[in-house]
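Notes for the one structure printed next.
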Amino acid sequence: MTRLTAAPIVMTALLYLAAPPALSQQRDSPDKRKIEKKEQAPAAAQDPLKVFKGLERAWQRENADEIASYAGEGQVFLDVRGIGKKGGYYSRSQVKYLFKDMFEADDQVKFEFVKFQNLEEPDRKVYGIAYRSCKNNRSGKVFQDKVYVTLGREGPGWVVAEIKTTR
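Under mature numbering (1 follows the signal peptide of the UniProt record, and there is no 0), read the sequence shown as residues -24 to -1, 1 to 143, first letter to last.
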């Protein structure tokens, strides 16, 4: 066998041996992405007050990622002044971007939960009411409203099912 005919055979053999690991890595990557996504979403809290406190902290810090992390696998109903859309059902990723846009447009001056309902006998839903003050970055106007948050069960824990505001 000459050097010219041996080279293609050797190259083919090397490609054949190297290809299976590369192909298996490509097959594994979607599964790895699913695992990474699940790791990014926190486990639903067993205690609804922990969810409310986490939401309060995230809202005060204007952290859209953290707020979205409290959304469950299903859709969340949002009707919040400042998100730029009329009320509707949104996925976790949509919640993130809607709040991100709102936080860019309005500085959150104050956000504090002041009342909770159904904590003693939480069967399916728990409710929290917060007072919020915001300052619009464009106009400089400050507005105040109430934020109503409903938590629902997802497995053994609690996730955000609904966020609404009223003036």
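A virtual CB, placed ideally from N, CA and C, is assigned to each residue, including glycine.
This structure is a prediction, so every number in the text was calculated from the model and none was measured.
Which residues mark the beginning and the end of the beta strand (DSSP E) in which residue i is found?
{"i": "SER115", "result": "Counting along the chain, SER115 falls outside any beta strand (DSSP E), and DSSP gives it neither H nor E."}
{"i": "GLN93", "result": "82 to 93"}
{"i": "ALA137", "result": "133 to 142"}
Exposed or buried, which one is residue i when buried takes at least 16 other CB atoms within 10 Å?
{"i": "ASP99", "result": "exposed"}
{"i": "LEU95", "result": "exposed"}
{"i": "residue 189", "result": "For residue 189 there is no data in the structure shown, the boundaries of the chain being -24 and 143."}
{"i": "THR142", "result": "exposed"}
{"i": "SER115", "result": "exposed"}
{"i": "LYS62", "result": "exposed"}
{"i": "ARG68", "result": "buried"}
{"i": "GLY48", "result": "buried"}
{"i": "VAL118", "result": "exposed"}
Could you tell me which residues DSSP puts in a beta bridge with residue i?
{"i": "ASP121", "result": "ARG108"}
{"i": "LEU74", "result": "In the DSSP output, where bridge partners are listed per residue, LEU74 has none listed."}
{"i": "ALA47", "result": "VAL136"}
{"i": "ARG68", "result": "DSSP output for ARG68 lists no bridge partner at all."}
{"i": "TYR130", "result": "It is Glu, not Tyr, that sits at residue 130 in the sequence shown. Per DSSP, GLY133."}
Locate the alpha helix (DSSP H) running through residue i, then write down its first and last residues.
{"i": "LYS61", "result": "Run containing LYS61: none; DSSP gives neither H nor E here."}
{"i": "VAL56", "result": "Note, VAL56: premise wrong, no alpha helix (DSSP H); not H, not E."}
{"i": "ARG33", "result": "24 to 36"}
Go through its chain and collect everything with a Cβ distance to residue i's Cβ below 6 Å, but skip five positions before and after it.
{"i": "PHE89", "result": "PHE28, GLU32, GLY104, ALA106"}
Compute the Euclidean distance between the alpha carbons of residue i and residue j, then round it to the nearest angstrom.
{"i": "ALA137", "j": "GLN70", "result": "14 Å"}
{"i": "VAL123", "j": "VAL85", "result": "14 Å"}
{"i": "ARG108", "j": "SER45", "result": "20 Å"}
{"i": "ASP4", "j": "VAL102", "result": "For ASP4, the predicted model reports a pLDDT of 45, less than 50, meaning its position is unreliable and no value from the coordinates is stated."}
Closer than 8 Å by C-beta to residue i: which residues in its own chain qualify, once you throw out the five before and the five after it? Chain order, please.
{"i": "GLU12", "result": "In this prediction, GLU12 scores a pLDDT of 39, lower than 50, which makes its location untrustworthy; the coordinate-derived value is nonetheless stated afterwards. Within the same chain, GLU12 has no close Cβ partners at all."}
{"i": "ASP77", "result": "ILE59, GLY60"}
For residue i, I'd like the list of residues in its chain whose CB is within less than 7 Å of its CB, leaving aside the five on either flank, ordered along the chain.
{"i": "TYR66", "result": "GLN51, VAL52, LEU54, LEU74"}
{"i": "ASP41", "result": "LYS72"}
{"i": "ASP121", "result": "ARG57, ARG108, THR141, THR142, ARG143"}
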